[in-house]
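Below is one structure; the comments refer to it alone.
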């Protein structure tokens, strides 16, 4: 406690910390007399939640912290940003994490992208003590000034959980206790993924496709906080002091800073399930009329082989070079791997090659039958497997007829 007070006093008497191209500092009072022990006390902290956006990186929404001190003319938005560099993207696929840091911004800079994308911005004032607000501001300025790196891993650490973590670390002899939690936060990490990207079927399909056995882990509430959940979850939670006294985390209802109207419900009706159902129907149609549509059928099979090869190479790269914690236990490499294309290149003219078709058909059939029992697999996966199964089975039967002739 003594160390904390000394840190606060030190921050108050230093001049300023340069961050983000402008001066950010723990606020000092002006001549209005609004002070307590030499420190401004008209300071406040708020959680700022931005609605979901149209791109993958923005599909979960965003969460930031707003610090304000009118008497010192300070008004800063501290937002966690992922470093937009090729190396950071490569690290995400190689290690399952990438890095980011807090950046201090003024309102005009902070709101720019959200207003352009018509995403709503809502502010919720935190019910912290004055000393806790000072402590929070000090922690944020330290991270901003030092460009402190924090890891982003989606499943365990993202903007909302990082903001919640630094707020929790700024409490003084107090803790946050949760009340009733929504279903998306009480289940597995896979349930959390389904909950977080609801309304974005293609993003959900992609996340489910790369998420292996780790998806069945429970995880903690702190890991599974998402921008859309933070207000309802923290509205039912409490700040509890050492004596057991409770108070709500937020003061009053949220204040709308920008009334954006973008909604993911406007997404295309061409979901993975619909698209792969159409692809399966096309495979069945070409199989029935393969003699009349010989060239189209050949082109369709070539397209499927290219798709299988591309997915196979992607998963092979992940298996060989990635250390991501979410990859082990992934089932899709059973179907999508480089072995089929290698066998086809070197042995497709051999008489026995039809048994490669038969073996692959068995693998596909087993995966389809297992779909209801395997959390990683969705019906969209089963439809995609069925498309390959139809054509592989047809090729197997055709090869038998050819050999008989």
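Residue numbers (the numbering used here): 1441 to 1845. For every residue, glycine included, the Cβ atom is placed at its ideal position computed from N, Cα and C.
- Message: Quick check on this structure: which residue in 1777, 1655, 1698 and 1528 has the alpha carbon closest to the alpha carbon of residue 1547?
- Response: 1698
- Query: For residue 1605, does the three-state DSSP call read helix, strand or coil?
  - Reply: helix
- Grouping DSSP H, G and I as helix and E and B as strand, with all else coil, what is residue 1857? Outside the displayed span of the chain (1441 to 1845) sits residue 1857, for which this structure offers no information.
- Decide yes or no for the touch test of the region 1507–1514 against the region 1550–1563: beta carbon pairs closer than 8 Å, at least 3 of them. no
- Message: Do residue 1539 and residue 1589 count as a contact pair if the criterion is CB distance below 7 Å?
- Response: yes
- Query: For residue 1639, which of 1740, 1484 and 1493 has the nearest alpha-carbon?
  - Reply: 1493
- Item | Distance between residue 1542 and residue 1470 (C-alpha atoms, nearest Å) | Because the pLDDT at residue 1470 is just 46, under 50, the model does not fix this residue reliably, and the point stays unresolved.
- Item | residue 1719 vs residue 1726 beta-carbon contact at 7 Å | no
- Looking only at its own chain, which residues have a Cβ that is under 6 Å from the Cβ of residue 1817, when we skip the five neighbours before and after it? 1811
- Message: Restricting to Cα atoms, I'd like to know which of 1770, 1549 and 1838 is closest to residue 1655.
- Response: 1770
- Item | Simplified DSSP state of residue 1502, which is helix, strand or coil | Correct three-state label for residue 1502: strand.
- Task: Identify, in the order they occur along the chain, each residue of the same chain with its Cβ nearer than 6 Å to the Cβ of residue 1603, setting aside the five sequence neighbours on each side.
- Result: 1503 and 1505
- Message: Please report the straight-line C-alpha distance between residue 1407 and residue 1779, rounded to a whole angstrom.
- Response: Residue 1407 lies beyond the range of the chain shown here (1441 to 1845); nothing can be said about it.
- Query: Just curious, the alpha helix (DSSP H) that residue 1736 is in, first and last residue?
  - Reply: 1734–1761 is the span of the alpha helix (DSSP H), which, as asked, contains residue 1736.
- Item | Opening and closing residue of the beta strand (DSSP E) in which residue 1514 lies | 1514–1522
- Message: Quick check on residue 1823: buried or exposed, where buried means 16 or more other Cβ atoms within 10 Å of its Cβ?
- Response: buried
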